[in-house]
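K.L.:
I'd like to ask you about the structure that follows.
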Amino acid sequence: MGHSPPVVHNGGHLAPRTFARFSLLLYRYKERMKTLPTPHDSASVDSPSAYRHAASAARLRAVARAVATAAVMAVTATQLAGCFPVIAGAMAGGVVSATDRRPTATQAIDRGLQLEVENTLATRYSGAARVNVTVFNRKLLLTGEVKDANLRQQIEQYVRGLPNAREVINELQVVSSPSFAEQSQDAYVTSKVKAMLVTAEGVPSNSIKVTTERGAVYLMGLVTAPEGERATETARNVSGVAKVVKVFDYIDEAERARLDAASTSQNTPPGGTTEGISTGVQSSGAPASGVQSSYGTTIQPAGTPAPAGGATLPPGSAAPSGTEATTAPVTAPMTLPPGRNLP
1 MGHSPPVVHN GGHLAPRTFA RFSLLLYRYK ERMKTLPTPH DSASVDSPSA YRHAASAARL
61 RAVARAVATA AVMAVTATQL AGCFPVIAGA MAGGVVSATD RRPTATQAID RGLQLEVENT
121 LATRYSGAAR VNVTVFNRKL LLTGEVKDAN LRQQIEQYVR GLPNAREVIN ELQVVSSPSF
181 AEQSQDAYVT SKVKAMLVTA EGVPSNSIKV TTERGAVYLM GLVTAPEGER ATETARNVSG
241 VAKVVKVFDY IDEAERARLD AASTSQNTPP GGTTEGISTG VQSSGAPASG VQSSYGTTIQ
301 PAGTPAPAGG ATLPPGSAAP SGTEATTAPV TAPMTLPPGR NLP
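Below is the structure:
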């Protein structure tokens, strides 16, 4: 495949250790960038030497973003050739379990839900549907294609019936399956967005999941309102993105600090609870303690007309300026049966 021996082994598969090291370097770089001054910081321009240092730091940021994009492009090219299934997400995610704001128990439940849904749909609807399942904080996002509206409804009813499913967002389209080129482009866009989120300032990239379907980028995660806006703006400016749909769970600053502290102490929430961090889904008002769902605020790239049908928000929520909105039901959190759906 043209890769050097240190990168390729076992019949052309990329070495996981190589990408783990690269992920760690990206993560350390992001943390380091937080401490560097910028030319716009008044404290950094008190002297010519300080200004030159700030300007050098700004150039370093730009170079690092370019390097990250090039690395992900190389990874995606290998991925499209069938060398490995999920390497780009692992690389852009960095040391995920160490900084993911979800408690370890919630991460396990999310993984169990994803495996259960994927295996069931692959067995039950093979050839009739192509469904991508993304799970974060017990919220399930369904994207892909189905052959008819009846099948779309059947899949949604099945997923909503799972005991650990807190909320289900059905974005399945009744259309023919896309070509391999279209799916490859979506994977490429996802990789680019992940790379940009890693290097973006003030964005908790390890607490955000990215999914792309026909150019529409879906962002899921536990974020504060400012973090969500920064992530949205970063994704919006990536080439190839047709629109950005926010599927965030919003938290306030106090909850963010608590979750970040818990994630650095073996990712265990205070009190040893195992039912996730959600204290409920708020359908209106500003972010407060607990979680507020943001599905599906849609942000269009500059100059792009709004898609037919608009976007969807929880009941009672106001749409952002310039964004169409309709209303979709929100599933209330459910008590977790012990051991149910764990991988």
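Note that the UniProt record's numbering numbers the sequence shown so that position 80 is 80, with each residue one more than the last. Don't be surprised by glycine CBs; every beta carbon is placed ideally from N, CA and C. Note that this is a predicted model, so its numbers are computed, not measured.
Work out the CA separation of L121 and T232 for me, nearest whole Å.
P.N.:
Translated into positions along the sequence shown, residue 232 becomes position 232. Translated into positions along the sequence shown, residue 121 becomes position 121. Cα to Cα, the separation comes out at about 30 Å.
K.L.:
Given a cut-off of 8 Å, decide if G144 and L172 are closer than it, judged by their beta-carbon atoms.
P.N.:
Counting from one through the sequence shown, the residue named residue 172 turns up at place 172. Counting from one through the sequence shown, the residue named residue 144 turns up at place 144. Yes; because the gap between Cβ atoms is below 8 Å, this pair is in contact.
K.L.:
For L172, list the residues DSSP reports as bridge partners.
P.N.:
In the sequence shown, the residue the question calls residue 172 occupies position 172. G144.
K.L.:
Among V175, V135, S239 and D100, which residue has its Cα nearest to the Cα of R111?
P.N.:
Taking the first residue of the sequence shown as position 1, residue 111 is located at position 111. Nearest of V175, V135, S239 and D100 to R111, Cα basis: V135.
K.L.:
So, helix, strand or coil for R130, using DSSP?
P.N.:
In the sequence shown, counting from the first residue as 1, residue 130 sits at position 130. Of the three classes helix, strand and coil, the one that applies to R130 here is strand, per DSSP.
K.L.:
Along the chain, which unbroken stretches of the beta strand (DSSP E) at least 3 residues long are found entirely within the UniProt domain "BON" (185–255)?
P.N.:
Fully enclosed beta strand (DSSP E) runs of 3 or longer: 208–213, 216–223 and 243–250.
K.L.:
Please return the same chain residues whose Cβ sits closer than 6 Å to the Cβ of K147, not counting the five positions on each side in sequence.
P.N.:
Here the question's residue 147 lines up with position 147 in the sequence shown. Excluding residues up to 5 positions away in sequence, A128 lie with their Cβ nearer than 6 Å to the Cβ of K147 in the same chain.
K.L.:
Note down, in chain order, each residue of its chain lying with its Cβ closer than 6 Å to the Cβ of residue 421, except the 5 sequence neighbours on either side.
P.N.:
A question about residue 421 goes unanswered here, because the residues of the chain that appear run from 1 up to 343.
K.L.:
What is the residue span of the alpha helix (DSSP H) that residue 344 lies within?
P.N.:
Outside the displayed range of the chain (1 to 343) lies residue 344, so it cannot be described from this structure.
K.L.:
Rounded to whole angstroms, what's the CA-CA distance from G240 to V189? Just pull it up for me.
P.N.:
Taking the sequence shown and counting its residues from 1, one reaches residue 240 at position 240. Taking the sequence shown and counting its residues from 1, one reaches residue 189 at position 189. Roughly 6 Å between the two C-alpha positions.
K.L.:
What are the boundary residues of the alpha helix (DSSP H) that includes A149?
P.N.:
Numbered from its first residue, the sequence shown carries residue 149 at position 149. Start and end: A149 to R160.
K.L.:
Are at least three pairs of beta-carbons, each pair with one atom in the stretch 209–222 and one in the stretch 181–197, less than 8 Å apart?
P.N.:
The stretch 209–222 makes contact with the stretch 181–197: 3 or more CB pairs, one atom from each, lie closer than 8 Å.
K.L.:
How many whole angstroms separate the CB atoms of T224 and D252, which I take to be in contact at a CB cut-off of 8 Å?
P.N.:
Position 224 of the sequence shown, counting from 1, holds the residue named residue 224. Position 252 of the sequence shown, counting from 1, holds the residue named residue 252. At roughly 7 Å, the Cβ-Cβ gap stays under 8 Å, so T224 and D252 are in contact.
K.L.:
Which residues does DSSP list as the beta-bridge partners of F136?
P.N.:
Looking up residue 136 in the sequence shown gives position 136. Bridge partners of F136: K139.
K.L.:
How many angstroms separate the CA atom of V247 from the CA atom of R160?
P.N.:
Position 247 of the sequence shown, counting from 1, holds the residue named residue 247. Position 160 of the sequence shown, counting from 1, holds the residue named residue 160. Distance between the alpha carbons of V247 and R160 is about 17 Å.
K.L.:
Between R130, V174, A235 and L140, which lies nearest to E167 when the distance is taken from Cα to Cα?
P.N.:
In the sequence shown, the residue the question calls residue 167 occupies position 167. Out of R130, V174, A235 and L140, L140 has the C-alpha closest to the C-alpha of E167.
K.L.:
When you compare only the Cα positions, how much space is there between T106 and V210?
P.N.:
Working through the sequence shown from its first residue, we reach residue 106 at position 106. Working through the sequence shown from its first residue, we reach residue 210 at position 210. Each residue's Cα considered, the two are about 18 Å apart.
K.L.:
Please state the DSSP three-state secondary structure of T99.
P.N.:
As a first step, residue 99 must be located in the sequence shown, where it is residue number 99. Of the three classes helix, strand and coil, the one that applies to T99 here is helix, per DSSP.
K.L.:
Compute the Euclidean distance between the alpha carbons of P103 and P204, then round it to the nearest angstrom.
P.N.:
Taking the sequence shown and counting its residues from 1, one reaches residue 103 at position 103. Taking the sequence shown and counting its residues from 1, one reaches residue 204 at position 204. Spanning the two alpha carbons is a distance of roughly 15 Å.
K.L.:
By alpha-carbon positions, which one of V131, N137 and N119 ends up nearest to A108?
P.N.:
Here residue 108 refers to the residue found at position 108 when the sequence shown is read from its first residue. Per the Cα distances, N137.
K.L.:
Using only CA atoms, which one of A257, V245 and L259 lies nearest to N170?
P.N.:
Walking along the sequence shown from the start, residue 170 turns up at place 170. Closest by alpha carbon: V245.
K.L.:
Rounded to whole angstroms, what is the Cα-Cα separation between P163 and A261?
P.N.:
Walking along the sequence shown from the start, residue 163 turns up at place 163. Walking along the sequence shown from the start, residue 261 turns up at place 261. Taking the CA atoms as reference points, P163 sits about 29 Å from A261.
K.L.:
Check the DSSP bridge columns for E167 and list the partner residues they point to.
P.N.:
To locate residue 167, count along the sequence shown from 1; it is residue 167. For E167, which the question treats as bridged, DSSP gives the partners K139.
K.L.:
Do G202 and E182 have their beta-carbon atoms positioned less than 8 Å apart in this structure?
P.N.:
In the sequence shown, residue 182 corresponds to position 182, counting from 1. In the sequence shown, residue 202 corresponds to position 202, counting from 1. For E182 and G202, no; Cβs fall outside 8 Å.
K.L.:
For R101 and L259, what's the separation of their Cα atoms in angstroms?
P.N.:
Taking the first residue of the sequence shown as 1, we reach residue 101 at position 101. Taking the first residue of the sequence shown as 1, we reach residue 259 at position 259. When rounded, the distance between both Cα atoms is 5 Å.
K.L.:
Hey, does Y188 have any beta-carbon neighbour from chain C nearer than 8 Å?
P.N.:
Within the model displayed, chain C is absent; a lone protein chain is all it includes.
K.L.:
Since I believe D186 is in contact with E213 (beta carbons under 8 Å), could you give me their beta-carbon distance rounded to a whole number of angstroms?
P.N.:
Position 213 of the sequence shown, counted from the first residue, corresponds to residue 213. Position 186 of the sequence shown, counted from the first residue, corresponds to residue 186. The Cβ separation is near 6 Å, so the contact holds.
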